[in-house]
Amino acid sequence: MSKLRTGEIHVPVLARVEGEGALDIRIRDGQIDRLHLRIFEPPRLFEKLLEGRSDQDVIDSVARICGICPVAYQITAVAAIELIFNFTPTPWVQAMRRVMYCGEWIQSHSLHIHLLAAPDFLGFNSAPAMAQKFPLEVRRGLRLQSIGNDIIRTFGGRSIHPVGVRAGGFFHAPNSAAIATLRQKIHDSLDEARDLIAWVATLPIPEDDQNFISVSLRQDGQYPIEGGRIVSDAGLDIAAEDYEQHFRELQVPYSTALHALLDEQPYLVGPLARINNNYDCLPAELRGLIAATGIQFPSRNMFHSMAARAIEIYFAMSEALRLTENYEISPEPYVEPTLRAGIGYGCTEAPRGILWHRYALDEQGHALEARIVPPTSQNQARMEEDLKASLTRFGLDQPDDALRLRGEMVIRNYDPCISCATHFLDFRAERQ
Amino acid sequence: MNNPFMPHEAEVIARHEETADLFSIQLRLTDPVIQSQYRFAPGQFNMLYLPGMGEVPVSIVSDPDDIHIIDHTIRKVGSVTNNLGRLQVGDRLGLRGPYGRGWPVVEAEGTDLVIVTGGLGCAPSVSLIDYVLRCQARYGHVHIIQGVKHSNDFIWHARYDLWRQYPNVEVWLTADAGDALWPWHIGPVTQFFDQLDIDPQRTSVMMCGPEGMMKAVVQDMRQRAVPDKRIWFSMERNVQCAVGSCGRCQLGAKFVCKDGPVFNYDELAPYWGHKGA
Amino acid sequence: MNNALSKPRVAVHKFSSCDGCQLAFLNLGERLLVLAETVDILHFAEAGPIDEDAMVDIAFIEGSVSTSRDAERLKRIRENSRYVITIGACATSGGIQALRNMHDSGEWLAGIYAQPGYLDLLPESSPIARIIKVDLELWGCPVNGEQVLAVTRALLVGHMPHVDQNAVCMECKRQNVVCVMVTQGKPCMGPVTQTGCGAICPKMQRDCYACFGPAIQANVSALGAHFAASGMSAREIAQRLLFINNQAEPFLNSGMQWQSQAAPDSTTSPGIKR
Amino acid sequence: MNRQRFLPRERFQSLIDQLKAAGYDVVGPQVRDHAIVFDALTKVEQLPIGITDEQAPGRYRLEKSESRRCFDWATGAQAIKPMTFVARETLWQSERLPGGGISFHDTLTETRPVAIIGVRACDLAALSIHDHHFMRGAHPDPQYSQRRQSLFLIAVHCMRSAATCFCTATGDGPQARSGYDLVLSELDTGFILEAHTGRGLDIVLQMETEAVTAEQTEQADAGILRAARQQHRTLPAGPLQEKLVSAVEHPHWQTLNDRCLSCGNCTAVCPTCFCQTHVDEISLDGQQASHVRQWESCFNPDHSHIHGIVIRSERSHRYRQWLTHKFGTWEEQFGRSGCVGCGRCITWCPVGIDVTGELAVLCKRNEP
Ligand SMILES: Cc1cc2nc3c(=O)[nH]c(=O)nc-3n(C[C@H](O)[C@H](O)[C@H](O)COP(=O)(O)OP(=O)(O)OC[C@H]3O[C@@H](n4cnc5c(N)ncnc54)[C@H](O)[C@@H]3O)c2cc1C
Ligand code: SF4
Ligand code: SF4
Ligand code: SF4
């Protein structure tokens, strides 16, 4: 309006995200002149802690990187380790790992939608506050979240840092009665998951189309979860072991998390990127449901991430049902692999996007070296880019509080997991 | 079948702050039938219950003949006792009891009595003294010896003054440490024993208090040739069920909750004085 | 605390952690809403409310102390809170990240301080109780949500509850779980690990790795000796003891002893200071 | 009629079927997680057919044999204790009433009649001790009594002992002598059934059985004798109460302080241990509370906790409590030793401490 704005805006502690971060914006002459998504969560140096540890210790340790997606870490690690052991798990094990992973998607996505993100769109500052006005919706979300937890618990004993995964399979196979109960529960909630898609589609989201590269896995005609090739909508199509040739991590002074670039460009990983790249792999029934919402994929509106999560919840529930149909307890929940030395890679679709691991093991299966690239650090550069664009479009002359809230909303929409993002610092690279 | 673990509702009908961490409460069972059947003997205890917190064993200090009243004096030491201390008149709690074998008031008839209490040990002995003094004809001389850690811990002045007025009753008071105004003795309870005029063969000793104090008294009394079977003490162990089921209060072959809490030395001799028994 | 006029006030603070223990609240489902009605949650960044300096009845703390500002923040929390309860291994024993405490700070941290000014990381990850008085410690990586809820419920009626710190073995037997050590010779830490998890590892027929910290009666040296007798190397025993709760006393002492006996390994570098 | 009848192996299922028909839920031994445990039984095939156990201090392994026998193993991970003295249960509940009152409710619910197949002599002896403890005192335990009274017990005579068994030393086995409805002697070709109660006889009469031959009786007797002869562990000559109580300051307790994990496994597998802890659980709104009891062990410091003190603060005290109570002071409490010779505490001790060996050392000094 009158004079072009100059000033600073700070969000000292980001609420409703996992981990600790802040947002600093400097505006000069009506333009964002500096924008830092400042992550100050202290690093926990996991890659170093893993050195010298047994393969099982690695699997149990990496879960501790993140309380919200421990399954993603464990299944990525076990994939890399089994690759080194030159071991292919039985079809039963492969199927059940996918089921367990579905549990994590359901849990993490429901938690994000209801407890972290949705309050933004409806003008509340927390889910319990939102539950006063939207009791049915919040309760439905909590129930879906608990289904995800139940699935993980069935295979891992507990839903946070589960204890069931090992090289060669699972420590223990759930019995048929446990699976039957679980299936019943999932089945009973399918309608709720369907309603959730419709409800999320009605939330008032900003129209905010942007240009970005979507990166995800592509898994042999299945919707990608626990493996596949790394692809982008800009033509990338590589195997997990070639990740380092295309992606580069760099450190920025204001953040304890690394930024990742694909061929020097920011890129997006996560549910929206997944659907954008794999819409054709969703079951026809689900594509029908999506069509009914009026949302079109691929989508350029970052705020469609929420709808993508709701869609993936429904997908993960039907997938878990499909994979446990005619379930029979495996007499061999694991096969003991032969320990071998070597280097192995794993890449899976964590709820927040691709998670990449590389390990070098010695002959006894002890880790010599580990490298882990979590989804949130991959999204960091994209988030900053998005923040600049969204806030500018929103209007930098808006009041501070409104800008602050919009900034937080943009960040939360990525469901950043700062705990994940900061546990890695590649000192070796740093020192070079 | 009766559920022996289930409390009955009781109401606080009076409460009294004795010292900063000691209080007394008077309780009444709210069910008139249960209240009318409730009888206890000196030295028995009740289990007091606060919902969500748990149960604690507490001795009954009131007069066994006063059948409408159940008095407890409690030291606030932990979570349940602290919360019992917050109860107000009219508040409800759970109560079951009475449990255990109390003082040997029948076996001790015809003998002189030495009643030694240390610290809050006086709680279980108050009802004993009340009882003995009311039936004084059945007993000989009564020596009441009370030891406290510090003179400030001494409560029940009035009660002691009252007891002192009875014929054939002597009251001896001492503190491990005391301030200038403390009119009584300083030192352990055993310091008085030389002055006691007792015939060991015709004397019953009853005591309660810290195990260290009781050990000293037992040793002294045995040296004076008081028979092992006439040296009695009230023991404390972890009592959870109070009916001899949970096994927590075992002391050698005894269950403190049902074989005690009052034992004579003869019964516990094999275990007496061994750490961890 | 249970005053009809004002609801009990609760805060959940986060330090260095994976956020998993806070999920004990966020995974409560329906009961989260009941809790939110029973108490005023004044600070809980992950759930929404932010008021770090609020005066509260109960402050739950997740995470370990690992930056220079943490101590200061903790002291304020202590001053503002009636009860301070740690939740989880990080807050209670420094967590898995405290493995760095045993490493040569020169070797590990030089990389970080090569970029001074923007990285604030202490050479050690410490439990909360090293800095402030803690009223109750809940172990576990992660804590057991039911245990957190039970403690919260008890505190709300003014009762400081007793937490069962006996061995996982007791829980195995109560749940009729077959012992993996006796039937399969697995190096289970259950006999020296405190219960609370529901014995989920033995229930899955795997050996416990002590994520709930030492049992109150833990005889760690006897278990270590038994492991050694059944063929484990000193290095394996050390790694068994020095894992999620590596800073917890009996594990640390015994673990360092085994570590010092471990043969220097040419192929791997456990990197632990001798 | 003769109370003994022969049931050919092919018709063993008819026993399970008859019990079901008589309205019982049937429970029997089966292999789970590398051990033999009791669980719901519907088919003979679920039984541990051709499975034997190899037991040693701190060690339990199952092995397959050529035999078709179902009970060719000695003792499983637990006796039937978890079915009578259950590991965790609510004793009663309370509720805050509007106006401040408190109401208390019982939690007893109907139990279904249960028939347990495969109870051993040692387990029956232990059960009889528990009956004494839980049902015959001044305050019978309603929960225990109800479950106990709904049991129909089918014992098996042991024809094989594990290396850890010593029931001959306690006089409780290998032959089951009392406390059951039916008893089985397992032969290669089938089972000799013997009813000891009217309802046991009713079951036998419903089945198609054969007369028992003298040769079959001989085989059964020989089997029991063989089991007895296989045992090599012994106990010091009893009674032991005095010997153990006077060994209270024996230096050997200190060596146990170093070896014992204090984990409580021995007490938890012992079929006669009865210790419990009672805890209160409260609802989120503070209005309802449940009073719960669960298994406890004298190896836990909590067991002897009183305000500010743990009476048995050292491991040696706690080991001493276990051994002295089980083999000594039990005699005064129950008129017999608390040990029935099942050997479980030896097998299931993770570090393999052997009570018979420890007792030998502790009682030696006091032997004349
Ligand atoms: C027969 C008898 C008579 C008694 N009479 C009186 C009396 O008249 N007046 C009086 O003041 N006191 C009396 N006491 C003592 C009284 O019972 C205790 O002071 C009381 O139990 C303390 O309870 P609390 O919850 O306040 O203390 P806490 O110390 O908090 O708790 C004590 C009880 O809680 C449990 N508990 C708490 N912490 C632990 C832990 N770390 N490990 C294991 N268990 C734990 C145990 O069951 C323990 O017994 C008597 C005791 C007995 C046995
Ligand atoms: S069994 Fe041990 S490692 Fe497993 S969850 Fe429990 S305490 Fe943790
Ligand atoms: S003491 Fe040992 S051998 Fe004896 S009955 Fe108990 S578990 Fe069996
Ligand atoms: S005191 Fe120990 S040995 Fe005796 S019954 Fe209790 S747990 Fe068993």
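Protein chains in written order, with this note's numbering: chain A, 240 to 671; chain B, 819 to 1095; chain C, 813 to 1086; chain D, 523 to 890.
Even glycine gets a Cβ: it sits at the ideal position worked out from N, Cα and C.
**Asked** Of the choices Val879(B), Tyr917(B), Asp1046(B), Ala832(B), whose alpha-carbon is the least far from that of Pro825(B)?
**Response** The option with the nearest alpha carbon to Pro825(B) is Tyr917(B).
**Asked** In chain C, what lies closer than 7 Å to Gly1065(B) by C-beta?
**Response** At a C-beta separation below 7 Å, Gly1065(B) has no neighbours in chain C, since its nearest C-beta there lies roughly 15 Å away.
**Item:** Gly1067(C): first and last residue of the uninterrupted beta strand (DSSP E) it sits in
**Value:** Per DSSP, Gly1067(C) lies in no beta strand (DSSP E); the unbroken alpha helix (DSSP H) holding it starts and ends at 1061-1073.
**Asked** If you count every other CB in all the chains shown that lies within 10 Å of the CB of Ile924(C), and 16 or more means buried, which is it?
**Response** Residue confidence for Ile924(C) is low, a pLDDT of 40 falling below 50, so the modelled location carries little weight and cannot support an answer.
**Request:** Please find out if some non-hydrogen atom of ligand 3 comes closer than 7 Å to the beta-carbon of Thr837(B).
**Result:** False, no ligand heavy atom lies under 7 Å from that Cβ.
**Member of His498(A), Pro492(A), Ser494(A), Tyr493(A) whose CA lies at the smallest distance from the CA of Phe486(A)** = Nearest of His498(A), Pro492(A), Ser494(A), Tyr493(A) to Phe486(A), Cα basis: His498(A).
**Request:** Counting only the same chain and skipping the five closest in sequence on each side, list residues whose C-beta sits under 6 Å from that of Pro1018(B).
**Result:** Arg1042, Ala1043, Val1044, listed in sequence order.
**Request:** Could you tell me the boundaries of the beta strand (DSSP E) in which Arg846(B) lies?
**Result:** Element bounds for Arg846(B): 840-847.
**Asked** Any idea what DSSP makes of Cys586(A), helix, strand or coil?
**Response** Three-state result, Cys586(A): strand.
**Prompt:** Among Gly260(A), Ile278(A), Glu247(A), Phe409(A), which one has its Cα closest to the Cα of Asp672(A)?
**Reply:** It is not possible to answer for residue 672(A), since the shown part of chain A is limited to 240 through 671.
**Prompt:** Taking any Cβ of chain C, which residues in the stretch 276-292 of chain A have a Cβ under 9 Å from it, in chain order?
**Reply:** Those would be Phe279, Glu280, Pro281, Pro282, Arg283, Leu284, Phe285, Lys287, Leu288, Glu290, Gly291, Arg292, in chain order.
**Asked** What do you reckon, is the C-beta of Val862(D) under 7 Å from a heavy atom of ligand 3?
**Response** Because some heavy atom of ligand 3 lies under 7 Å away, the Cβ of Val862(D) counts as near it: yes.
**For Ala261(A): DSSP bridge partner residues** = Per the DSSP secondary-structure output, Ala261(A) pairs in a beta bridge with Arg277(A).
**Message:** Once the 5 residues before and after Arg525(D) are set aside, which same chain residues still bring their CB inside 6 Å of it?
**Reply:** Excluding sequence neighbours, Arg525(D) sits near Glu716, Ala717.
**Prompt:** Given that a residue counts as buried once 16 or more other Cβ atoms are within 10 Å of its Cβ, and exposed if not, what is Val574(A)?
**Reply:** Classification for Val574(A): exposed.
**Asked** Is Ile391(A) near ligand 2, going by C-beta to nearest heavy atom under 7 Å?
**Response** No.
**Message:** Is Val873(D) a contact residue of ligand 3, with contact defined as CB to any heavy atom under 7 Å?
**Reply:** Short note on Val873(D): C-beta not closer than 7 Å to any heavy atom of ligand 3.
**Prompt:** Where does Pro374(A) fall in DSSP's three states?
**Reply:** Assignment of Pro374(A) by DSSP, reduced to helix, strand and coil, places it in the helix class.
**Item:** 8 Å Cβ cutoff met for Leu845(B) and Leu913(B)
**Value:** The beta carbons of Leu845(B) and Leu913(B) sit closer together than 8 Å.
**Item:** Cys1023(C) CB to nearest heavy atom of ligand 2 below 7 Å
**Value:** A heavy atom of ligand 2 is found nearer than 7 Å to the CB of Cys1023(C).
**Item:** Residues, ordered as in the chain, of the stretch 848-877 of chain C that lie near chain A by beta-carbon distance below 7 Å
**Value:** For the stretch 848-877 of chain C, the set of positions with a beta-carbon nearer than 7 Å to some beta-carbon of chain A reads Ala848, Ala857, Glu858, Ala859, Gly860, Pro861, Ile862 in chain order.
**Message:** Does the distance between the C-beta of Thr329(A) and the nearest non-hydrogen atom of ligand 3 fall short of 7 Å?
**Reply:** Result no, Cβ not under 7 Å from ligand 3.
**Request:** Enumerate in chain order the residues of its own chain whose CB-to-CB distance from Lys998(C) is below 8 Å, with the five nearest sequence positions on each side excluded.
**Result:** Here the set comprises Val992, Arg1018, Asp1019.
**Request:** Determine, using beta carbons only, whether Ala901(C) and Cys953(C) come nearer to each other than 8 Å.
**Result:** Yes, they are a contact pair.
**Asked** Three-state secondary structure (DSSP) at Ser812(D)?
**Response** Secondary structure of Ser812(D) (DSSP, three-state): strand.
**Prompt:** Any chance the CB of Gly857(D) is under 7 Å from a heavy atom of ligand 4?
**Reply:** No, since every heavy atom of ligand 4 falls outside the 7 Å radius drawn around the Cβ of Gly857(D).
**Asked** Is Phe1011(B) near ligand 6, with its Cβ less than 7 Å from a heavy atom?
**Response** Here the bound small molecules are ligand 1, ligand 2, ligand 3 and ligand 4; ligand 6 is not part of this structure.
**Prompt:** For Gln927(C), which residues from the same chain have a beta carbon less than 7 Å from its beta carbon, with the 5 sequence-adjacent residues on both sides left out?
**Reply:** Caution applies to Gln927(C), whose pLDDT of 49 falls short of 50 and renders its modelled position unreliable; the value that the coordinates give is listed next. Hits under 7 Å: none found.
**Asked** Given a threshold of 16 other Cβ atoms within 10 Å of its Cβ, counted over all protein chains shown, does Thr631(D) qualify as buried or as exposed?
**Response** With fewer than 16 other Cβ atoms from the protein chains shown falling within 10 Å of its own Cβ, Thr631(D) counts as exposed.
**Request:** For the alpha helix (DSSP H) holding Phe656(D), just list the boundary residues, first then last.
**Result:** Residues 643-657.
**Prompt:** Would a C-beta distance cut-off of 8 Å place Val876(B) and Asp889(B) closer than the cut-off?
**Reply:** Contact: no.
**Prompt:** Does any residue of chain C bring its CB to less than 8 Å from the CB of Glu740(D)?
**Reply:** Taking CB atoms only, Glu740(D) has no neighbour in chain C less than 8 Å away.
**Request:** Indicate whether the contact test is met: 3 or more Cβ pairs, each with one atom in the stretch 865-883 of chain D and one in the stretch 734-749 of chain D, closer than 8 Å.
**Result:** No, they do not touch.
**Asked** Residues near ligand 1, CB to any non-hydrogen atom under 5 Å, in chain order?
**Response** One residue list follows from the rule of a beta carbon closer than 5 Å to any heavy atom of ligand 1, given in chain order as Phe863(B), Val874(B), Pro875(B), Val876(B), Ser877(B), Ile892(B), Arg893(B), Val895(B), Gly896(B), Ser897(B), Val898(B), Thr899(B), Ala941(B), Glu1054(B), Asn1056(B), Val1057(B), Pro1079(B), His974(C), Asp824(D), His827(D), His829(D).
**Request:** Determine the burial state of Pro761(D): buried for a count of at least 16 other Cβ atoms within 10 Å of its Cβ, exposed for fewer.
**Result:** Counting Cβ neighbours within 10 Å, Pro761(D) comes out exposed, since fewer than 16 surround it.
**Any non-hydrogen atom of ligand 4 closer than 7 Å to Gln1068(B) Cβ** = For Gln1068(B), the shortest separation between its Cβ and any heavy atom of ligand 4 lies below 7 Å.
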